[in-house]
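Visitor: Starting off with a structure, shown below.
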Amino acid sequence: MAHAHDAHAHHDDHHHGPDKGIMRWIKTTNHKDLGTLYLFFAFTMFFIGGLMSLVIRAELFHPGLQFVQPEFFNQMTTMHALVMIFGGVMPGFVGLANWMVPMMIGCSDLALPRVNNWGFWILPFAFAMLIGTLFMDGGAPAGGWTMYPPLVLQTGNAFPFLIFAVHLMGISSITGAINVVVTILNMRAPGMTLLKMPLFVWTWLITAYLLIAVMPVLAGAVTMLLTDKYFGTSFFTAAGGGDPVMFQHIFWFFGHPEVYIMILPAFGIVSTIIPTFARKSLFGYDSMVYASASIAFLSFIVWAHHMFTVGMPLAGELFFMFATMLIAVPTGVKVFNWVATMWKGSMTFETPMLFSIAFVFLFTIGGFSGLMLAMTPVDFQYHDTYFVVAHFHYVLVPGAVFSIIAAVYYWIPKWTGRMYNEFWGKVHFWLSAVFINLTFFPQHFAGLAGMQRRVPDYAVQFTDFNVISTIGAFGFFVAQFIFIFNMLSSCFGWFGRKQGLPDRVWEGAHGLEWTVASPAPYHTFEDPPQFSDSEGTAIHDEAVAKA
Amino acid sequence: MGSAAAQNSQRYFVPAPSVWPFTLTVGLVALVVGVAGYLENDHIGPVPIWAGAIISIYIIFRWFQGIARESEGGQYSAQVDRTYRWGMSWFIFSEVMFFAAFFGALFYARGLVMPWLSGEGTKVATHLTLWPGFEGTWPSNGPANVGGDFETVPAFDVPLLNTLILLTSGVTITMAHHALKEGKRGLCILWMWATVALGATFLYFQAEEYIHAYHELNLTLESGIYGSTFFMLTGFHGMHVTLGTLMLLVITLRLMAGHFKPDSHFGFEGVAWYWHFVDVVWIGLFIVVYWL
């Protein structure tokens, strides 16, 4: 990737190209450089968070305590979640937005390139702080990533570092999101109206809106924790007229939109890849846009379904139950549209398509278990069991993470000019698909049978499920190295991989990013392109119907 | 600077590589690490706090100075202008949501926690076993009378005066804007100084009110949920007024240095938007924190 710009002569003479060495990456204002940095950072965090999950799975391989103390186990569950959510999935999607949004809407860069640099470089520092808490007195935060008081207030020296790390991640997310929104609203190529935008751009627009709306609320919530601990406020202390449950409300007002922040870009990716390999335009483009917007709206009024067992008034339980179940409608529209896009398509099954189809199947499983959890009386049994763990891992791993992997396979020929190895891509897919189900499917049964989450030990009747789950987790982790080597080989031209791909790497692919060279030159679209009717037609099904 | 110099409005403005963002991050991280260490008595000492604060402030200054130079150098197209308009709007929206969290905490405490601690609805058992006899009426510092008895700041006293000051400042900045658009720079600068003065006066009265609350009313940050919500809401608002006043000051000095044109002055308008946002938040505070 580093040499991408060298491969093509520029039509203008005034570009000096980037600086050399480390300063290029520190000073860069280029969306492609920053996208690359975001993606390398995200996969580093996936690796670290993955190691933490292996500590968890190793400990749970058998009942009883074998490898770690319960205290450290709790640190691992907490840190695994924080690292994966804020360090892995979110920066992964931001990296993809960095690379693809300007190329998809036909502009030269994001609207605020220096702010973009700032948003990225906060992350390594914030996560150094967060992961550094593992070595402090009292250890890392161990009260769960949701940081519920009063438990989280018992954190040792790590506590203010946790709070400030969250603040810094919030700054990064908000600046990144403002950048994406402004870019999309202001910098589209002439002729690209809102309803002609690629769906990845649409879902990112909605995601960015959600980020700007809820990250400040999280910042407020953790600020209250900080003042409660150090400055004598009583927000979450009943003795002073506050309420610990109030934290849960504020947190989940952030937290529920947050789960859609982690899945809406995935919807956009899958809606981009499936039409390419089905060689049809996306079925129901408009309904996809409206469904995404509906999901975003509903995400603001369902937060308390995370708290059904906390003792809310009946009216609250009922409202949040019905509002939550409503989300199944727009989500169902989406799943229907993906399937209908494939219907009678000329399908081929390259690796990005395999991951996308797996996404449709496995995300839907996670969606259905979510529907079960939405029902208040049923949730009374499922709450805080491994059923919940299975549910959200189904939507996050074969959901969000598979979509990021699919996106990297799909676009890496455009980024580097070198195709990945299809054979090893398929091997990686099948190992991932098998092991991820091996990891998380048994957890449904363990949870329904009553195994609680966030415990290092369990009753012996859950042993078989946990053995299978642990084997799956180790297998999945190891399988990802195939992916990493495959992608690095494309980046750096290992194993004699040569450049020389056509602009439109995939014959069924449409959109402005496929009209520029592969690899994409360091600066693309310095003059706004005209968004041609044929590209618009291919993205938007309505025009096809007319033709 | 490359394409930055292009005058053609069809072309994009892409800034050159810059060390500002990275340096700002270093400053911010040093600051928060210093503060975190201070909170946990880690003996890191005050050096990271000061170094971080100085680096951050210096870079913020340099960054905005750079933007002002690019703008005055004619590098910004109509598209960049729209970018800053959208960017500022969404930034203010994020600020609104930050305040929403604290307003939400206030409404939740008053509307739900008070009746529940008093045994309303299904919370009878909680009331009887934990806090028998507690009658939650607002203002409250909770059943344990955390922080001791206190009095509240009456709304129709200094807070009303501060409301009038901020509303007036909203008028004066609008007058300044009209003067700028009509090309009357001297008048604009006068109105701006009036706005800065009103902002500073507000802050002075707010500080007096805090001193009064701490010394005579026994109303402190530690006065239970009332003290928490009162000081966090008005305190964060006061911090925003401080920032807004500094921004007004910078804009005024830029006006005196000949910056901005009657038809192109988003730096001015962005600060005016921010000032109006601060104003609107105050009206919300006046109504739900002081008055009701």
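Heads up: the protein sequence lines correspond to chains R and G, in order. 585 is the number of the first residue of the first sequence in our numbering; add one for each residue after it. 839 is the number of the first residue of the second sequence in our numbering; add one for each residue after it. From the three backbone atoms N, C-alpha and C, an ideal C-beta is built for every residue, glycine too. Please read these numbers as outputs of a predicted model, since none were measured by experiment.
1) Check each residue of the region 667-695 of chain R: if its Cβ is closer than 8 Å to any Cβ of chain G, include it; give the result in chain order.
2) Beta-carbon of H594/R versus every beta-carbon of chain G: anything under 8 Å?
3) In this structure, does DSSP put T821/R in helix, strand or coil?
4) Distance cutoff 8 Å, beta carbons only. Does E1091/R sit that close to anything in chain G?
5) Please classify H1053/G as buried or exposed, where buried requires at least 16 other C-beta atoms within 10 Å of its C-beta.
6) A665/R lies in the alpha helix (DSSP H); which residues open and close that run?
7) Assign A984/R to one of two classes, buried (16 or more other C-beta atoms within 10 Å of its C-beta) or exposed (fewer than that).
8) For Q832/R and Y966/R, which I take to be in contact (beta-carbon distance under 8 Å), what is that distance rounded to the nearest angstrom?
9) In terms of alpha-carbon separation, which member of P859/R, V1044/R and F939/R lies closest to E1091/R?
10) In the DSSP output, what is K1099/G paired with across the bridge?
11) Candidates K928/R, P647/R, E1110/R and P841/R: which alpha carbon is nearest S883/R's?
12) Within the same chain, show all residues whose beta-carbon is closer than 7 Å to that of G929/R, passing over the 5 residues directly before and after it, in chain order.
13) Answer with buried or exposed for A797/R, where buried requires no fewer than 16 other C-beta atoms within 10 angstroms of its C-beta.
14) Would you please verify whether the beta carbon of M1070/G is less than 8 Å from any beta carbon of chain R?
15) Enumerated in chain order, which unbroken segments of the alpha helix (DSSP H) with a length of 4 residues or greater are wholly contained in the region 1017-1095 of chain R?
16) Is the CB-CB distance between F1043/G and L999/G below 8 Å?
17) Looking at the C-beta of M713/R, does it have a partner C-beta in chain G at a distance below 8 Å?
18) Can you tell me whether G1108/G is buried or exposed, with buried defined as 16 or more other CB within 10 angstroms of its CB?
19) For G1120/R, which option in P675/R, L783/R and A665/R has the closest C-alpha, if you only look at C-alpha atoms?
20) What residue range is occupied by the uninterrupted alpha helix (DSSP H) comprising P675/R?
21) Taking Cβ-Cβ distances below 9 Å as the criterion, which residues of the region 800-819 of chain R are in contact with chain G?
22) Would you identify the three-state DSSP class for T915/R, choosing helix, strand or coil?
23) Pick out whichever of G912/G, V1116/G, V864/G and G883/G has its Cα sitting closest to the Cα of S1102/G.
24) By the three-class DSSP mapping on this structure, what secondary structure does T612/R have?
25) For E842/R and chain G, any beta-carbon pair shorter than 8 Å?
26) Under three-state DSSP, which class holds T990/G?
27) List, from N- to C-terminal side, the alpha helix (DSSP H) runs of 4 residues or more that fit wholly inside the region 904-959 of chain R.
28) Can a CB atom of chain R be found closer than 8 Å to the CB of S847/G?
29) Report the rounded CA-to-CA distance for R1092/G versus F709/R, giving the unit in angstroms.
30) Between the Cα of P734/R and the Cα atoms of L789/R, M1003/R, L635/R and M830/R, which residue gives the shortest distance?
31) Hey, W1113/G and S1007/G are a contact pair by Cβ (cut 8 Å); roughly how many whole angstroms apart?
32) If you compare alpha carbons, which of T807/R, G716/R, W705/R and M808/R is closest to S757/R?
33) Find the nearest neighbour of W702/R within the set H889/R, M713/R, F1076/R and L752/R, judged by alpha-carbon distance.
34) Check the DSSP bridge columns for T969/R and list the partner residues they point to.
35) Quick one: residues in its chain with C-beta nearer than 7 Å to the C-beta of V1018/R, no 5 flanking neighbours on either side, listed in chain order?
36) Here's the rule I'm using: 16 or more other beta-carbon atoms within 10 Å means buried, otherwise exposed. How should Y1128/G be labelled?
Guide: Straight from the coordinates:
1) C691, S692, D693 and A695
2) Within the first sequence, residue 594/R is the residue found at index 10, counting from 1. At H594/R the pLDDT is 40, less than 50, meaning the model places this residue with poor confidence and gives no usable figure here.
3) Position 237 of the first sequence, counted from the first residue, corresponds to residue 821/R. Looking at T821/R - three-state DSSP - the assignment turns out to be coil, as it is neither helix nor strand.
4) Start at 1 with the first residue of the first sequence, and residue 1091/R comes out as number 507. No, its Cβ sits nowhere closer than 8 Å to a Cβ of chain G.
5) The count along the second sequence starts at 1 and reaches residue 1053/G at position 215. Under this definition H1053/G is an exposed residue.
6) The residue labelled residue 665/R in the question sits at position 81 within the first sequence. Unbroken alpha helix (DSSP H) run through A665/R: P654 to L666.
7) Walking along the first sequence from the start, residue 984/R turns up at place 400. The residue is buried, with at least 16 neighbouring Cβ atoms inside 10 Å.
8) Start at 1 with the first residue of the first sequence, and residue 832/R comes out as number 248. Start at 1 with the first residue of the first sequence, and residue 966/R comes out as number 382. 17 Å between Cβ atoms; not a contact.
9) Within the first sequence, residue 1091/R is the residue found at index 507, counting from 1. Per the Cα distances, P859/R.
10) In the second sequence, the residue the question calls residue 1099/G occupies position 261. Answer is S1102/G, bridged to K1099/G.
11) Numbered from its first residue, the first sequence carries residue 883/R at position 299. Of the candidates K928/R, P647/R, E1110/R and P841/R, the one whose C-alpha sits nearest the C-alpha of S883/R is P841/R.
12) Within the first sequence, numbered from 1, the residue matching residue 929/R stands at position 345. Answer for G929/R: A862, R863 and K864, listed in chain order.
13) For the purposes of this step, residue 797/R is taken as the residue at position 213 of the first sequence. With 16 or more other Cβ atoms within 10 Å, it is buried.
14) Here residue 1070/G corresponds to residue number 232 of the second sequence, with the count starting at 1. Answer yes: the Cβ-Cβ gap between M1070/G and chain R drops below 8 Å somewhere.
15) 1047-1076
16) Position 205 of the second sequence, counted from the start, is the residue given in the question as residue 1043/G. Position 161 of the second sequence, counted from the start, is the residue given in the question as residue 999/G. Yes. Within cutoff.
17) As a working note, residue 713/R is residue 129 in the first sequence. So, interface residue.
18) Along the second sequence, read from residue 1 onward, the residue named residue 1108/G stands at position 270. Its Cβ being crowded by 16 or more others within 10 Å, G1108/G is buried.
19) In the first sequence, counting from the first residue as 1, residue 1120/R sits at position 536. Looking at the Cα atoms, L783/R is the closest of the given residues.
20) Position 91 of the first sequence, counted from the start, is the residue given in the question as residue 675/R. Here the alpha helix (DSSP H) through P675/R covers M674 to I689.
21) P800, V801, L802, A803, G804, A805, T807, M808, L810, T811, D812, K813, Y814, F815, G816, T817, S818 and F819
22) The sequence position of residue 915/R within the first sequence is 331, counting from 1. Of the three classes helix, strand and coil, the one that applies to T915/R here is helix, per DSSP.
23) Stepping through the second sequence from its first residue, residue 1102/G is reached at position 264. Of G912/G, V1116/G, V864/G and G883/G, the residue nearest in Cα terms is G912/G.
24) Within the first sequence, the letter at position 28 stands for residue 612/R. Coil at T612/R, not helix or strand.
25) To locate residue 842/R, count along the first sequence from 1; it is residue 258. Closer than 8 Å: no.
26) In the second sequence, residue 990/G corresponds to position 152, counting from 1. Coil, per DSSP.
27) 912-926 and 935-958
28) Translated into the one-based positions of the second sequence, residue 847/G becomes position 9. Unreliable placement is indicated for S847/G, whose pLDDT of 42 sits below 50; the coordinate value is still reported in the next sentence. It does not: the Cβ of S847/G has no partner Cβ on chain R nearer than 8 Å.
29) In the second sequence, counting from the first residue as 1, residue 1092/G sits at position 254. In the first sequence, counting from the first residue as 1, residue 709/R sits at position 125. Going from the Cα of R1092/G to the Cα of F709/R covers about 34 Å.
30) Start at 1 with the first residue of the first sequence, and residue 734/R comes out as number 150. That would be M830/R, whose Cα lies nearest to the Cα of P734/R.
31) Looking up residue 1113/G in the second sequence gives position 275. Looking up residue 1007/G in the second sequence gives position 169. At roughly 7 Å, the Cβ-Cβ gap stays under 8 Å, so W1113/G and S1007/G are in contact.
32) As a working mapping, residue 757/R is identified with position 173 in the first sequence. Comparing Cα-Cα distances from S757/R to each of T807/R, G716/R, W705/R and M808/R, the minimum goes to W705/R.
33) By 1-based counting over the first sequence, the position of residue 702/R is 118. Of the candidates H889/R, M713/R, F1076/R and L752/R, the one whose C-alpha sits nearest the C-alpha of W702/R is L752/R.
34) Locating residue 969/R in the first sequence gives position 385, counting from the first residue. Looking at the DSSP assignment, T969/R forms a beta bridge with Q1036/R.
35) Looking up residue 1018/R in the first sequence gives position 434. Nothing meets the Cβ criterion.
36) Here residue 1128/G refers to the residue found at position 290 of the second sequence. Buried, since its Cβ has 16 or more Cβ neighbours within 10 Å.
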